[in-house]
Amino acid sequence: MDQFLTINALWACFVLAGLFVVFAAVQMMLETRKIARIEQENAQLRKQISSLRDHQLPSLSQSGLVSARQTTTRRRTDEPPQYLTVHDA
């Protein structure tokens, strides 16, 4: 009888461990999707900002509000965003 209880306890531990692994995998998948969606939105916003700069800066430099040097200095938009990792903090 004691052996039967031990086997049942082991099975219960395996089932709980399996459920924990599945839960962790689902959480990681959801977090990855969220990050991908945010990066996609950021890329779209960068494109819009770049487009607005390209359209507006020439007219602003002609009016004297922005110097010609400022119109040529732009941040590169093709670089991926830099994130802090656990080791960087």
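Note that numbering that gives the first Met the number 0 numbers the sequence shown so that position 10 is 9, with each residue one more than the last.
Idealized CB from N, CA, C, for every residue including glycine.
Residue i versus residue j - alpha carbon distance
i, j, result
"C12", "Q2", "15 Å"
"L29", "V20", "14 Å"
"Q55", "Q47", "12 Å"
"W10", "A23", "20 Å"
"V25", "I37", "18 Å"
"R45", "L51", "10 Å"
"L18", "S49", "47 Å"
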